[in-house]
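A.B. asks:
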Amino acid sequence: MRLSEFHSHVSLDHWSRHPGWLQRRDPRAKIVAALVLLFAVSFLPVELIRIGLLLAALALLTALAGLPVAAVIRRALWVLPFSAVFAGVTAIAGDTARAVAILVRTLCSAWVVVILAGTTPLEDLLAGLRGLGAPPFFLVVVQFVWRYLFVIADQAHRMHLAAHARGSHKVFHARAGSVAVLFARAYQRAEGTYRAMLARGFRGTLPRSRPLRFTLLDAAIVTSALGIAVCLVEIARR
Amino acid sequence: MHIPDGFLATPVWAGLQAVSLPAIAWTARKAQVETEESRAPLLGVLGAFVFAAQMINFPVGVGASGHLVGSALLAYTVGPWAASMVMAAILIIQALVFQDGGLLAFGANTFNMAVLGVWAAYLPYRLWGGGRARRAAILLGGFCSVFAASLAAIGELLLSEVRIPSEAMHIALFVFGVTAVIEGAITLAVLEAVGRINPRWVKAPEPMGRPAFVLLIALAAVAAFAGFWIASTRPDGLEQLLQNAGIQNLERKYLAAPTGIAVVLVLCLFLWRWMSRPRSA
Amino acid sequence: MITGPPLVRVKNLRHRYDDGTEALQGVDFELAQGETVAILGPNGSGKTTFLLQLNGLLRGEGTIEIAGLPLEARTLPLIRKMVGLLFQDPDDQLFQPSVLEDVSFGPIQLGLPQEEVRLRSEEALRKVGLTAGWNKPPYHLSAGEKQRAALAGILAMQPRLLVLDEPTTHLDPPARRQLAELLHTLPQGKLIVTHDLPFARALATRAVFFVNGVVAADGPLDEIIHRYEWA
């Protein structure tokens with residue numbers, strides 16, 4: 096991933112904290128619904144009508160969620176370089192149907208994930224995963240990775256600037272050395288954080304996230320996703 | 210290589226989810242038991258470090274640059290179990306927030322980079338990291354880590370009947386080889402620098418008991434032999450797969466054996482790890 | 012009139028790091044209830060090591076008593092409730108996903124019921140002047156806000172002693188003034204390690220000067236600054 100994509104998280108984070116109806120829903124419902132839709136997309140038969148329906152449904156969902164449609168689609172298009180290569184190769188080999196399938200499936204899958212991430216802040220996604228049975232220790236580690244990611248990336252950026260200022264950026268070993276220093280600072284920061292935890296009376300178990308409430312509206316979301324999935328996939332069989 | 214959703218065939222992605230998700234759960238339990246909840250900040254911060262380090266350019270010649278993946282580096286500093294978990298943590302964030310890798314494909318990406326990538330790095334280190342061939346072991350570990358993960362990814366694409374013409378396959382294998390070499394080089398350089406700052410941050414490869422060692426070599430040899438034998442004498446199923454990808458005869462052997470070995474290697478590692486559980490305090 | 016045992020009593024405190032460095036070589040110190048003392052001295056003189064001893068994060072030889080309670084393994088939980096330690100880098104101590112969750116960390120670790128946790132956290136946040144953005148992640152905040160959020164996390168535990176390690180390092184002058192004003196309103200005894208003399212002057216009249224792991228001088232702040240040409 097490039098540094099430019101890295102700071103893109105800001106827009107997602109911003110969208111996800113907007114007080115919209117979809118943002119307020121139980122993350123478990125949203126995760127399950129997203130997985131259902133992804134599943135359906137992976138089975139989608141390659142027919143114009145069906146593809147059109149899918150795109151329309153996604154656009155409608157995006158708009159209803161209060162997300163900026165063009166920006167969301169632009170984000171979904173990030174997967175394009177990877178899929179376009181394979182689609183191109185497949186098309187050249189004569190299998191245009193499959194090529195289109197690859198493009199449509201990858202783009203629409205990415206779109207679904209952008210909607211999910213764009214309406215659910217990461218800590219809520221993690222709470223949802225916890226509710227769905229993911230191991231708590233793993234999720235705590237993910238939470239810490241997220242918390243310190245930008246702090247350390249900023250440090251890396253500053254070290255990069257400082258190195259540039261001294262013209263040493265072209266040497267492999269200098270770069271490895273600075274990465275090692277980044278490691279050292281990360282390790283020391285972790286020790287500092289651990290001390291801060293002890294200083295506030297840490298007793299060995301980390302606090303669990305706030306409890307989630309699954310409402311009728313959430314159930315409706317999952318059911319609708321299932322409904323859409325069935326429509327998209329099954330109706331073809333007729 | 211993060212595989213997005215929409216590429217893998219259902220049996221492939223579903224099968225790997227079924228393998229990877231329980232593996233993460235088990236790894237999380239092991240890491241938690243071995244390191245206590247208080248280690249979560251350390252693993253998290255180091256995960257943030259690897260994530261950030263992945264974006265750093267390493268100049269490797271005229272105009273070219275390499276990047277660190279970090280599975281090997283993590284394995285050599287926090288041990289393979291914690292390393293697996295940290296890599297998986299990085300991958301889930303990449304999938305959710307940066308759409309780098311799919312959600313259905315999360316199992317496949319995790320298997321490739323967090324399981325295979327970590328253990329393929331750890332094995333050479335555990336075997337030779339304690340002796341005079343230490344630097345070579347680290348280079349090899351970094352290399353195997355990326356090469357095995359890349360091969361597995363290609364294997365998964367092939368199994369999903371994604372078309373990859375033979376010229377492209379040549380190029381891909383070459384590129385994998387180069388990035389794998391770079392990973393080895395970066396891992397070694399960074400690990401040595403880290404060791405100079407504080408030697409305690411580098412995990413010592415625990416010495417292996419002789420019987421376990423012999424058994425492991427024997428198993429690996431059997432696995433490699435079996436892999437070659439299957440590829441050469443029972444080519445039907447494999448052939449059909451590879452035929453779809455348009456690969457010529459020769460490439461088949463090149464691809465089948467390493468991928469087969471990689472998978473069997475992982476199985477060997479789990480088996481050996483289970484066998485070498487501490488029996489006395 | 013301040014009565015009762017001193018808030019902090021340290022006698023002959025020694026500490027040697029694993030690599031052999033004698034960080035503290037016999038520190039004697041006392042702090043009365045409600046008193047504020049500035050801790051000055053060159054880098055590497057043992058100031059931070061001293062602070063980390065006060066709530067048992069580092070263990071050395073000698074005696075430490077907080078409000079009459081000797082610091083030992085079995086009294087650690089109580090000591091950590093009484094001693095609130097504010098670290099230099101707020102990023103090290105704001106480690107929860109949202110400000111409110113972070114401030115709640117201490118009360119939760121104390122085993123308090125949910126309602127009490129909520130009350131204390133909200134009160135602490137209001138006291139430091141952070142009235143909004145409680146559910147936002149900490150990295151959104153400015154350096155000054157982060158420092159105040161970290162302070163709220165400590166105040167939520169209702170400590171009797173505040174120990175601050177170079178708290179103004181990352182703050183701009185307005186933020187420094189704000190922090191000084193805030194600390195001035197808090198009744199707890201305070202130990203402040205700092206190189207920021209205006210900040211020290213705003214809060215303390217007494218100072219101790221560390222040199223090579225011992226307290227070389229203990230007296231009026233201005234006198235110490237003058238003696239060691241510390242301005």
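Line by line, the protein sequences are chains A, B and C.
Numbered according to our numbering, the first sequence spans residues 96 to 333.
Numbered according to our numbering, the second sequence spans residues 210 to 490.
Numbered according to our numbering, the third sequence spans residues 12 to 242.
All C-beta atoms in this analysis are idealised placements derived from N, C-alpha and C, irrespective of residue type, glycine included.
(1) Is it buried or exposed, residue 272/A, if we count other Cβ atoms within 10 angstroms and call 16 or more buried?
(2) Would you say residue 341/B lies against chain A (beta-carbon separation less than 8 angstroms)?
(3) Grouping DSSP H, G and I as helix and E and B as strand, with all else coil, what is residue 247/B?
(4) Alpha carbon to alpha carbon, how far is residue 103/C from residue 138/A?
(5) Assign residue 293/B to one of three DSSP states: helix, strand, or coil.
(6) With a threshold of 8 angstroms, are at least 3 pairs of Cβ atoms found where one atom belongs to the region 199 to 215 of chain A and the other to the region 124 to 140 of chain A?
(7) Between residue 149/C and residue 105/C, is the Cβ-Cβ spacing less than 8 angstroms?
(8) Thinking just about the alpha-carbon of each residue, which of 35/C, 46/C, 65/C and 42/C is nearest to the one in residue 55/C?
(9) Can you list, in chain order, the residues of its chain with a C-beta nearer than 7 angstroms to that of residue 116/C? Leave out the 5 residues immediately preceding and following it.
(10) What are the residues of the region 61 to 75 of chain C that lie near chain A, defined by any Cβ-Cβ distance shorter than 7 angstroms?
(11) Quick one: does residue 175/C have its CB under 8 angstroms from some CB of chain A?
(12) Given a threshold of 16 other Cβ atoms within 10 Å of its Cβ, counted over all protein chains shown, does residue 270/B qualify as buried or as exposed?
(13) Can you give me the C-alpha to C-alpha distance between residue 342/B and residue 122/A, rounded to a whole angstrom?
(14) Counting only beta-carbon separations shorter than 8 angstroms, does residue 525/B have a partner in chain A?
(15) In this structure, does DSSP put residue 26/C in helix, strand or coil?
(16) Which residues does DSSP pair with residue 38/C in a beta bridge?
(17) Can you grab the Cα-Cα spacing for the pair residue 156/C / residue 98/C, in whole Å?
(18) Quick check: what's the CA-CA separation for residue 22/C versus residue 297/A?
(19) Does residue 28/C pass the burial test, meaning 16 or more other C-beta atoms within 10 Å, or should it be called exposed?
(20) Against chain A, does residue 380/B count as a neighbour if the rule is that its beta carbon must be under 8 angstroms from one of theirs?
(21) Going by other Cβ atoms of all chains shown within 10 Å of its Cβ, with 16 needed for buried, is residue 283/A buried or exposed?
(22) Cutting at 6 angstroms between CB atoms, please list the residues of its own chain near residue 225/B, excluding the five before and the five after it.
(23) Using a Cβ-Cβ cut-off of less than 7 angstroms, list which residues of the region 129 to 152 of chain C approach chain A; keep chain order.
(24) Near residue 192/A, what residues of its chain come up, given a Cβ to Cβ distance below 6 angstroms and the 5 sequence neighbours on each side ignored?
(25) I'd like to know whether the C-beta of residue 247/B is nearer than 8 angstroms to at least one C-beta of chain A.
(26) Could you name the residues of chain C that residue 290/A contacts, counting a contact when the two beta carbons are closer than 7 angstroms?
(27) With 16 other CB atoms within 10 Å as the buried threshold, where does residue 318/A fall?
(28) Are the CB atoms of residue 82/C and residue 76/C nearer to each other than 8 angstroms?
(29) Given that residue 190/A touches chain E, what residues does it touch there, using C-beta distances under 9 angstroms?
(30) Given a limit of 8 angstroms on CB to CB distance, which residues of the region 297 to 316 of chain B reach chain A?
(31) Nearest to residue 358/B by alpha carbon, out of 394/B, 329/B and 403/B?
(32) Reducing DSSP to helix, strand and coil, say where residue 221/C ends up.
(33) I'd like the ranges of any beta strand (DSSP E) spanning at least 3 consecutive residues and lying wholly in the region 83 to 107 of chain C.
(34) May I ask you to verify whether the region 157 to 171 of chain A touches the region 232 to 244 of chain B, counting CB pairs closer than 8 angstroms and requiring at least 3?
(35) If you reduce the DSSP assignment to three classes, tell me which class residue 436/B lands in.
(36) Closer than 7 angstroms by C-beta to residue 460/B: which residues in its own chain qualify, once you throw out the five before and the five after it? Chain order, please.
C.D. replies: Walking through what the data contain:
(1) buried
(2) no
(3) helix
(4) 47 angstroms
(5) helix
(6) yes
(7) yes
(8) 35/C
(9) 107 and 164
(10) 66 and 68
(11) no
(12) exposed
(13) 50 angstroms
(14) Because residue 525/B is not part of the residues shown, which for chain B are 210 to 490, the question remains open.
(15) strand
(16) 24/C
(17) 14 angstroms
(18) 27 angstroms
(19) exposed
(20) no
(21) exposed
(22) 316, 317 and 320
(23) 150
(24) 141
(25) yes
(26) 68
(27) exposed
(28) yes
(29) In summary, chain E is missing from the structure at hand, where the protein chains are A, B and C.
(30) 297, 298, 299, 301, 302, 303, 304, 305, 306, 307, 308, 309, 311, 312 and 313
(31) 329/B
(32) strand
(33) 94 to 97
(34) no
(35) In this predicted model, residue 436/B has a pLDDT of only 48, less than 50, meaning its place in the structure is not dependable; the value taken from the coordinates is given anyway. Helix.
(36) Residue confidence for residue 460/B is low, a pLDDT of 49 falling below 50, so the modelled location carries little weight and cannot support an answer.
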